[in-house]
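In our numbering, the protein residues as written are 3 to 309. A virtual CB, placed ideally from N, CA and C, is assigned to each residue, including glycine. First comes the structure, then the notes that go with it.
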């Protein structure tokens, strides 16, 4: 069997057979064509194992790609792109996956890797932007050292897409982590003039100290969240904010939280149980009465954003 026969197997979709065949050829001879075939067969197997959710095998195949890459011709950057895509895939499959390890590959991305594209009729962020989104997805849990490691790549992404929602959100989070709360607040305000995602209202609420403003923003988080299971946490936060000054409204919000959690057979937070004990004798207002607060919150938030 020759390398061209293995490539033919790939074309026919006989991926496991092709991988087994190239392993034998590669063990005997390592030339340009054999190396190239070994790399792409390994990439095929990575994709297959990832689809099958065989995480540890997929992880092993990814690092096999990394070892193969230096001896693989990659004039068009396709191999580099394959490794980046595989790393992003592993980040979805495996908790705590170390994406920073692949920084040399991100730094080799070409201009083509920074171009958005359309897939399935939907606009998709560029590969470079996807990398940045993955690196910064848990930014609120990171420290300044981590920010320094990803800062140059983020600057490049921001330069290419300064109005992209996630870039502005990450900029706000960076400002906050570095102690620039005022700049973070201003960036969230800019975001919320164009986007109305519930999590943006909630994240801005966390940065403010005025309880009235926090309540207004969290009400808008509830209003703009269509899925009850995601709105539950906002109901609970509202309940805690209002339990001292607006106990009947707090009792309603806590009741909504409990209703959602129990309806979905999900665990109720210990803090909710503590609050339930505290508000045990309080009669909640009606949903119609609480809706008036939600309605008023829209105007209150407009004032916050304009200030």
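Are residue 157 and residue 193 closer than 9 Å when you measure CB to CB? no
Count the C-beta pairs between the region 297-304 and the region 259-276 that are closer than 8 Å, then say yes if the count reaches three, no if not. no
Contact under 9 Å by Cβ, residue 149 with residue 176: yes
Distance, residue 53 Cα to residue 41 Cα: 19 Å
Checking the sheet assignment: what are the DSSP bridge partners for residue 125? 120
To the nearest angstrom, report how far apart residue 258 and residue 234 are at their CA atoms. 7 Å
Tell me which residues share the same chain as residue 230 and place their Cβ nearer than 7 Å to its Cβ, disregarding the 5 neighbours each side in the sequence. 262
Cα separation between residue 240 and residue 217? 6 Å
I need the boundaries of the alpha helix (DSSP H) containing residue 213, first residue and last residue. 213-225
What would DSSP say about residue 160, mapped onto helix, strand or coil? helix
Rank 226, 256, 248 by C-alpha distance to the C-alpha of residue 238 and give the top, closest one. 256
If we ignore side chains and look at the alpha-carbon of each, how far apart do residue 143 and residue 124 end up? 31 Å
Where residue 214 and residue 293 are concerned, what is the direct C-alpha to C-alpha distance, given to the nearest angstrom? 16 Å
Just list the beta strand (DSSP E) runs in the region 170-198, keeping only unbroken ones of 3 residues or longer that don't cross its boundaries, in chain order. none
Determine the contact status of residue 70 and residue 132, defining contact as a CB-CB distance below 9 Å. no
Under 9 Å between C-beta atoms of residue 137 and residue 179: no
When the Cα atoms are used, what is the spatial distance from residue 360 to residue 72? The structure shown does not extend to residue 360, since the chain is modelled only from 3 through 309, so no value can be given for it.
Euclidean distance between Cα positions of residue 119 and residue 127: 7 Å
Cut-off 6 Å between Cβ atoms - residues of its own chain near residue 135, not counting five sequence neighbours on either side: 168
So, for residue 173: in the same chain, excluding its five sequence neighbours on each side, which residues have a beta-carbon less than 6 Å away from its beta-carbon? 189
So for residue 267, helix, strand or coil by DSSP? coil
In this structure, how does DSSP classify residue 200 when only helix, strand and coil are distinguished? helix
Indicate whether residue 64 and residue 92 have their beta-carbon atoms separated by less than 9 Å. yes
Distance check for residue 139 and residue 115, CA to CA, integer angstroms please. 20 Å
Taking buried to mean at least 16 other C-beta atoms within 10 Å of its own C-beta, is residue 310 buried or exposed? Nothing can be reported for residue 310: it is not among the residues displayed for the chain, which extend from 3 to 309.
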